[in-house]
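Undergrad:
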Amino acid sequence: MVRLVAGKSGGEKGRCYRSKGLVLKSWHLHIKGQVQGVGFRPFVYQLALQQQLHGWVNNTVDGVHVVFHADAETAHTFTGAILDRAPRLARITSHRLRPTEDQTFTDFQIIHSHTEGEVQLMLTPDFALCDTCRTELHETGNRRKDYPFITCTHCGPRFSISRQLPYDRETTTMAAFTMCPECQEEYHDPTDRRYYSQTNSCPACAVTLYLSDHQLKTVSEDVSVIIERVCQYWHAGKIVAIKGIGGYLLTCDARNRESIAVLRARKHRPDKPFALMYPSEHAVLEDLDAREEELTELSGSCAPIVLLPLKEQHTLENSRAEIAPGLSRIGVMLPYTPIFELLLQAFGGPIVATSGNISNAPIVFEDKKAQTDLTAIADYLLTNNREIVFPQDDSVVQFSPFGQQRIILRRSRGMAPSFFDAPAIHADGSLLAMGAMLKHTFSLYHRGNTFVSQYLGDLQHFATEESCRHTLEHFFRLFDTQPEMILVDQHPDYPSTLLGNTLAEKFEVPVSRIQHHIAHFGAVLGENDLIDCDHPVLGVIWDGTGLGDDGQIWGGEFFLYQHYDFTRWGQLDYFPLLLNDKMAKEPRLAALSLAKDRDAALPLLRDKFTDTEWKIYQKILTEEEQIQTSSIGRLFDGIASLLGLSDRQTYEGEAAIKLEELATGYFRRNGLSFADSYGQDAPVNHNLPTRSLVAGVVHDLQAGKATDYIAAKFHYSLIDRIRRIADAYYFRHIACSGGVFQNGLLVDLLRHHLPANYQLYLHRDLSPNDENISFGQLMCHQIEILKKSNVNLDHKYQNVCV
Numbered sequence: 085m086v087r088l089v090a091g092k093s094g095g096e097k098g099r100c101y102r103s104k105g106l107v108l109k110s111w112h113l114h115i116k117g118q119v120q121g122v123g124f125r126p127f128v129y130q131l132a133l134q135q136q137l138h139g140w141v142n143n144t145v146d147g148v149h150v151v152f153h154a155d156a157e158t159a160h161t162f163t164g165a166i167l168d169r170a171p172r173l174a175r176i177t178s179h180r181l182r183p184t185e186d187q188t189f190t191d192f193q194i195i196h197s198h199t200e201g202e203v204q205l206m207l208t209p210d211f212a213l214c215d216t217c218r219t220e221l222h223e224t225g226n227r228r229k230d231y232p233f234i235t236c237t238h239c240g241p242r243f244s245i246s247r248q249l250p251y252d253r254e255t256t257t258m259a260a261f262t263m264c265p266e267c268q269e270e271y272h273d274p275t276d277r278r279y280y281s282q283t284n285s286c287p288a289c290a291v292t293l294y295l296s297d298h299q300l301k302t303v304s305e306d307v308s309v310i311i312e313r314v315c316q317y318w319h320a321g322k323i324v325a326i327k328g329i330g331g332y333l334l335t336c337d338a339r340n341r342e343s344i345a346v347l348r349a350r351k352h353r354p355d356k357p358f359a360l361m362y363p364s365e366h367a368v369l370e371d372l373d374a375r376e377e378e379l380t381e382l383s384g385s386c387a388p389i390v391l392l393p394l395k396e397q398h399t400l401e402n403s404r405a406e407i408a409p410g411l412s413r414i415g416v417m418l419p420y421t422p423i424f425e426l427l428l429q430a431f432g433g434p435i436v437a438t439s440g441n442i443s444n445a446p447i448v449f450e451d452k453k454a455q456t457d458l459t460a461i462a463d464y465l466l467t468n469n470r471e472i473v474f475p476q477d478d479s480v481v482q483f484s485p486f487g488q489q490r491i492i493l494r495r496s497r498g499m500a501p502s503f504f505d506a507p508a509i510h511a512d513g514s515l516l517a518m519g520a521m522l523k524h525t526f527s528l529y530h531r532g533n534t535f536v537s538q539y540l541g542d543l544q545h546f547a548t549e550e551s552c553r554h555t556l557e558h559f560f561r562l563f564d565t566q567p568e569m570i571l572v573d574q575h576p577d578y579p580s581t582l583l584g585n586t587l588a589e590k591f592e593v594p595v596s597r598i599q600h601h602i603a604h605f606g607a608v609l610g611e612n613d614l615i616d617c618d619h620p621v622l623g624v625i626w627d628g629t630g631l632g633d634d635g636q637i638w639g640g641e642f643f644l645y646q647h648y649d650f651t652r653w654g655q656l657d658y659f660p661l662l663l664n665d666k667m668a669k670e671p672r673l674a675a676l677s678l679a680k681d682r683d684a685a686l687p688l689l690r691d692k693f694t695d696t697e698w699k700i701y702q703k704i705l706t707e708e709e710q711i712q713t714s715s716i717g718r719l720f721d722g723i724a725s726l727l728g729l730s731d732r733q734t735y736e737g738e739a740a741i742k743l744e745e746l747a748t749g750y751f752r753r754n755g756l757s758f759a760d761s762y763g764q765d766a767p768v769n770h771n772l773p774t775r776s777l778v779a780g781v782v783h784d785l786q787a788g789k790a791t792d793y794i795a796a797k798f799h800y801s802l803i804d805r806i807r808r809i810a811d812a813y814y815f816r817h818i819a820c821s822g823g824v825f826q827n828g829l830l831v832d833l834l835r836h837h838l839p840a841n842y843q844l845y846l847h848r849d850l851s852p853n854d855e856n857i858s859f860g861q862l863m864c865h866q867i868e869i870l871k872k873s874n875v876n877l878d879h880k881y882q883n884v885c886v
């Protein structure tokens, strides 16, 4: 059995003898990346024994270090085996093998972690329950049978429970739990799958489960009783708040319409769809259509919510309208913690599993806050005494309907915060990018590593801003750092900008402002390794809002990137931003603004407003001093309103989602080819012809064309205009970002209709929405540095770019 020691080895276990006659020396192997909390040290130990090497391995604040004695050929063979056969959850970003001062070893050991020095670590995310632990959880005679906190080196909490680095039990919230003798034996046994598992526990040294009612009266602490009672509560239509890995979830029976309606009322969430949790893949396939890629995503180590279409025949007939009103797809996930696995297997059917919060507030993760806030929503509270440090919502993923393009809609649990595909950034110290206001994230560059925080919500809500501050403080503490520069959005009143300014004053560091849509473009350039490209890239950056350089609200932009320079190359033609932010909540206002000069649209618009509203809004539209917008997001809203899909939104993107679903149905029946597009009468120049697009939609509505046909033609028209612009101006590299490209149909149409010699770049591991803004700010800062270092470049564009 291996002993844990503070210095050089000297024990008997692992002792071996090498043949004489070889030139042996000591070697030092330093490995960086996601190499802590993934079973890396036990893996290296076992490999060293197989190759009969002596030395040691440990964790430090800058990765994993291996020191061993070998000849040169064996040293390189050993290193190659580590890189080739590393644990599947590991992500190695760099390694360095070099000779070191000769040392004498008699065996191979795992030695104590070192906490001194500058932190240069990637953070390991939380992992879903693995198949082996799931088997043990249900295995008769297994000492962890029905234990709701079973974990191993391949699954369980990591990021959410980390207080300090490096990752060891004493630097996590598991430090509060002392392992029993049996767990200690597993922990120190190299042949055991829980060897050096920092989250190891069992019923004898358990994390404790507590079930109480909404008045905080204890119901039970017995696991079997709790499982039985919670299932009874669900069957009775009750709502149960359950503490998961990253926070609390509100749950109820997914087939009980009345229970879901009560949850909507208490949570103040009238229409935004709820996610469901199913007990198994088989149960998912009874209700929903899932392709191979989607099933793989569901059952992976992240186990996110995946959007799937309902089958024609399903078991949710009674509750479908309450789960996802007006939508054909539902977000589903599988049990990713042992407690959910036990509950769902016992219940035997799907449950609603939505973030534990009042709508628009951050997820509740602290037990005291759950007792005050969630007892007003839930009838019962199921909690435990393992503390959460970093709160996280469930991640959300979808695959485009025809091309199976993976699109991240929310990057959080299981994905955040380490980001591995970031290009090198030229900075000596730490950089902090504060991101946007909606779908907020921040990004931190520190000592060669880039971190994009988990989704933190919308910062216009005070509670979300407080959650952001909490997470930022923990990041600074985790890395023992403070930023040397802070990057913010150009909008002076964004809460993220104001918070960035406050932090800059506190740390006495400079602030740099970066335009919102250029940050989007920077994000997709960085993710696709295009920062140093030697060819022009057309950026199609479409979203809902962002302050432009001219003081107007941008959102339908074409940018050119070349020689480390950004140019706003084109746009959606401006139209009035009627009543400012109110237009984002009421698509009817977008319809009115877009169609204000078209008398033919009057019958389509008049009934959407009261007489008083009509008079006031018509007067406002005649005023000369109006903020203008080029927002594609508002264009989608306006078309959805004209088609009768949505006049008032109860959640962001509702109108656009309904428009996309309507168009998708048409393309499913008729294929992706389309013979005609709106705006063909407009000349092909740098801009999208707003008036012509809207005029075409109104004409088809008056002609009695089917709304699904119009929705499909509208989608195709946008793609056709991109294609025609790219063709006319010889752009062959096109990069897309912004919330509009969460629309999987739009992505599929773009791929289908662009010629084969065009290169399309999309986001892969970041969401196209505003979550990527903070990363994009880092990339734009890097581009500015490169631009200054290349001042002698000729920035005059070729004729193709004029």
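If you're matching positions, the sequence shown starts at 85 in the working numbering and goes up one per residue.
Each residue gets a CB set at the ideal place from its N, CA and C atoms; glycine is no exception.
Buried or exposed: which applies to Val107, given that a residue is buried once 16 or more other Cβ atoms fall within 10 Å of its Cβ?
TA: Against the sequence shown, residue 107 aligns to sequence position 23. It is exposed - the Cβ of Val107 has fewer than 16 other Cβ atoms within 10 Å.
Undergrad: Distance, Cα to Cα, Ile182 vs Leu571?
TA: The residue labelled residue 182 in the question sits at position 98 within the sequence shown. The residue labelled residue 571 in the question sits at position 487 within the sequence shown. For clarity, residue 182 is Arg in the given sequence; the question names Ile instead. Straight-line Cα distance between these residues: approximately 38 Å.
Undergrad: Spatial neighbours of Asn874 within its chain, please: CB distance less than 8 Å, with the 5 preceding and 5 following residues excluded, ordered by chain position.
TA: As a first step, residue 874 is located in the sequence shown; it is residue number 790 there, counting from the start. Result list for Asn874: His647, Tyr648, in chain order.
Undergrad: Rounding to the nearest angstrom, what Cα-Cα distance links Phe504 and Ala759 in this structure?
TA: One-based indexing of the sequence shown puts residue 504 at position 420. One-based indexing of the sequence shown puts residue 759 at position 675. Going from the Cα of Phe504 to the Cα of Ala759 covers about 42 Å.
Undergrad: Which stretch, first to last residue, makes up the beta strand (DSSP E) that contains Met417?
TA: Here residue 417 corresponds to residue number 333 of the sequence shown, with the count starting at 1. Met417 -> beta strand (DSSP E) spans 413-417.
Undergrad: Do you know how far the Cα of Val624 is from the Cα of Cys617?
TA: Locating residue 617 in the sequence shown gives position 533, where the first residue counts as 1. Locating residue 624 in the sequence shown gives position 540, where the first residue counts as 1. Computed Cα separation, rounded: 17 Å.
Undergrad: So, are the CB atoms of Phe474 and Gly331 less than 7 Å apart?
TA: Counted from its first residue, the sequence shown places residue 474 at position 390. Counted from its first residue, the sequence shown places residue 331 at position 247. No, the Cβ-Cβ distance between Phe474 and Gly331 is not below 7 Å.
Undergrad: Please name the residue or residues paired with Arg494 in a DSSP beta bridge.
TA: As a working mapping, residue 494 is identified with position 410 in the sequence shown. Bridge partners of Arg494: Val480.
Undergrad: Quick one: using the 10 Å Cβ neighbour count with 16 as the cut-off for buried, is Lys327 buried or exposed?
TA: Numbered from its first residue, the sequence shown carries residue 327 at position 243. Looking at its Cβ environment, which holds 16 or more other Cβ atoms inside 10 Å, Lys327 is buried.
Undergrad: Using a 10 Å radius around the Cβ and a threshold of 16 neighbouring Cβ atoms, would you call Glu460 buried or exposed?
TA: Taking the sequence shown and counting its residues from 1, the one referred to as residue 460 is at position 376. In the sequence as presented, Glu is not what sits at residue 460; that position holds Ala. Counting Cβ neighbours within 10 Å, Ala460 comes out exposed, since fewer than 16 surround it.
Undergrad: Just tell me which of Val621, Lys669, Gln861 has its CA closest to the CA of Arg732.
TA: Here residue 732 refers to the residue found at position 648 of the sequence shown. That would be Lys669, whose Cα lies nearest to the Cα of Arg732.
Undergrad: Which of the three DSSP states, helix, strand or coil, is assigned to Pro422?
TA: On the sequence shown, residue 422 is found 338 positions in, with the first residue counted as 1. Reduced to three states, the DSSP call for Pro422 is helix.
Undergrad: Once the 5 residues before and after Gly91 are set aside, which same chain residues still bring their CB inside 6 Å of it?
TA: Sequence index remark: in the sequence shown, residue 91 carries index 7 (1-based). Confidence in Gly91 is poor, its pLDDT being 34 and thus under 50, which makes the residue's placement unreliable; the coordinate value appears in the next sentence. For Gly91, where only same-chain residues beyond five positions count, there are no Cβ hits under 6 Å.
Undergrad: Going by C-alpha to C-alpha distance, which of Arg682, Pro687, Thr748 sits closest to Tyr800?
TA: For the purposes of this step, residue 800 is taken as the residue at position 716 of the sequence shown. Among Arg682, Pro687, Thr748, the Cα nearest to that of Tyr800 is on Thr748.
Undergrad: Check for me: the alpha helix (DSSP H) holding Ile389 runs from which residue to which?
TA: Sequence index remark: in the sequence shown, residue 389 carries index 305 (1-based). Element bounds for Ile389: not the alpha helix (DSSP H) but the beta strand (DSSP E), 389-393.
Undergrad: Taking only the alpha-carbon atoms, compute the straight-line gap between Pro485 and Gly415 and give it to the nearest angstrom.
TA: Counting from 1 along the sequence shown, the entry for residue 485 is found at position 401. Counting from 1 along the sequence shown, the entry for residue 415 is found at position 331. The straight-line gap from Cα to Cα measures roughly 14 Å.
Undergrad: Quick check for students: name the residue ranges of the beta strand (DSSP E) that lie wholly in the segment 212-282, counting only runs of 3 or more.
TA: With a minimum length of 3 residues, no continuous beta strand (DSSP E) run stays inside the segment 212-282.
Undergrad: What would DSSP say about Arg816, mapped onto helix, strand or coil?
TA: In the sequence shown, counting from the first residue as 1, residue 816 sits at position 732. If DSSP states are grouped into helix, strand and coil, Arg816 belongs with coil.
Undergrad: State whether the segment 315-326 contacts the segment 256-268, with contact taken as three or more CB pairs (one from each stretch) at a distance under 8 Å.
TA: Touching, no, given that fewer than three Cβ pairs across the two stretches are closer than 8 Å.
Undergrad: With 16 other CB atoms within 10 Å as the buried threshold, where does Thr421 fall?
TA: Stepping through the sequence shown from its first residue, residue 421 is reached at position 337. Per the 10 Å Cβ criterion, buried.
Undergrad: Does Asn698 come out as helix, strand or coil in the three-state DSSP assignment?
TA: For the purposes of this step, residue 698 is taken as residue 614 along the sequence shown, with counting starting at 1. Reading the sequence as shown, one finds Trp at residue 698 and not Asn. Three-state DSSP puts Trp698 in a helix.
Undergrad: In whole angstroms, what separates the C-alpha of Ile30 from that of Gln861?
TA: Only positions 85 to 886 of the chain appear in the structure, and residue 30 is not among them; the question remains open.
Undergrad: By how many angstroms is the C-alpha of Ala819 removed from the C-alpha of Arg807?
TA: To locate residue 807, count along the sequence shown from 1; it is residue 723. To locate residue 819, count along the sequence shown from 1; it is residue 735. Answer to the nearest angstrom: the Cα atoms are 13 Å apart.
Undergrad: Pull up the distance between the alpha-carbon of Gln187 and that of Val141, whole angstroms please.
TA: Translated into the one-based positions of the sequence shown, residue 187 becomes position 103. Translated into the one-based positions of the sequence shown, residue 141 becomes position 57. C-alpha separation (whole angstroms): 14 Å.
Undergrad: Starting from Arg125 and walking both ways along the alpha helix (DSSP H), at which residues does that stretch end?
TA: Numbered from 1 along the sequence shown, position 41 holds the residue referred to as residue 125. Here the alpha helix (DSSP H) through Arg125 covers 124-134.
Undergrad: When we look at the beta-carbon of Gln489 and count the other beta-carbons within 10 Å, is it buried (16 or more) or exposed?
TA: The residue you call residue 489 lines up with position 405 of the sequence shown. It counts as buried.
Undergrad: Could you work out which residue in Ile741, Glu370, Leu392 is closest to Glu378 when comparing CA atoms only?
TA: If you number the sequence shown from 1, residue 378 lands on position 294. Considering only alpha carbons, the answer is Leu392.
Undergrad: Can you tell me where the beta strand (DSSP E) holding Ser304 begins and where it ends?
TA: Counted from its first residue, the sequence shown places residue 304 at position 220. Segment 302-304, the beta strand (DSSP E) holding Ser304.
Undergrad: Below 8 Å on the Cβ atoms is my guess for Pro671 versus Asp633; work out the distance and round it to an integer in Å.
TA: Within the sequence shown, the letter at position 587 stands for residue 671. Within the sequence shown, the letter at position 549 stands for residue 633. Actually they are not in contact, since the Cβ atoms of Pro671 and Asp633 sit about 27 Å apart, beyond 8 Å.
Undergrad: Considering only their Cβ atoms, is the gap separating Leu746 from Asp887 smaller than 7 Å?
TA: Any property of residue 887 remains undetermined from this structure, which presents the chain solely from 85 to 886.
Undergrad: Can you tell me which of Val481, Gln134, Pro567 puts its alpha carbon nearest to the alpha carbon of Thr380?
TA: In the sequence shown, residue 380 corresponds to position 296, counting from 1. Selected option, being the one with the closest Cα: Val481.
Undergrad: Over what stretch of residues does the alpha helix (DSSP H) that includes Glu202 continue unbroken?
TA: Start at 1 with the first residue of the sequence shown, and residue 202 comes out as number 118. From DSSP, Glu202 is part of no alpha helix (DSSP H); its letter is neither H nor E.
Undergrad: When the Cα atoms are used, what is the spatial distance from Asp191 to His198?
TA: Here residue 191 refers to the residue found at position 107 of the sequence shown. Here residue 198 refers to the residue found at position 114 of the sequence shown. Each residue's Cα considered, the two are about 20 Å apart.
Undergrad: What number of angstroms, rounded off, separates the C-alpha of Ala165 from the C-alpha of Asp252?
TA: By 1-based counting over the sequence shown, the position of residue 165 is 81. By 1-based counting over the sequence shown, the position of residue 252 is 168. If you take the alpha carbons of Ala165 and Asp252, they lie about 25 Å apart.
Undergrad: Residues in its own chain within less than 7 Å of Leu631 by CB, not counting five upstream and five downstream?
TA: Your numbering for residue 631 matches position 547 in the sequence shown. Around Leu631: Gln574, His575, His600, Ile637.
Undergrad: Where does Lys872 sit, in a helix, a strand or coil, going by DSSP?
TA: Translated into positions along the sequence shown, residue 872 becomes position 788. Helix, per DSSP.
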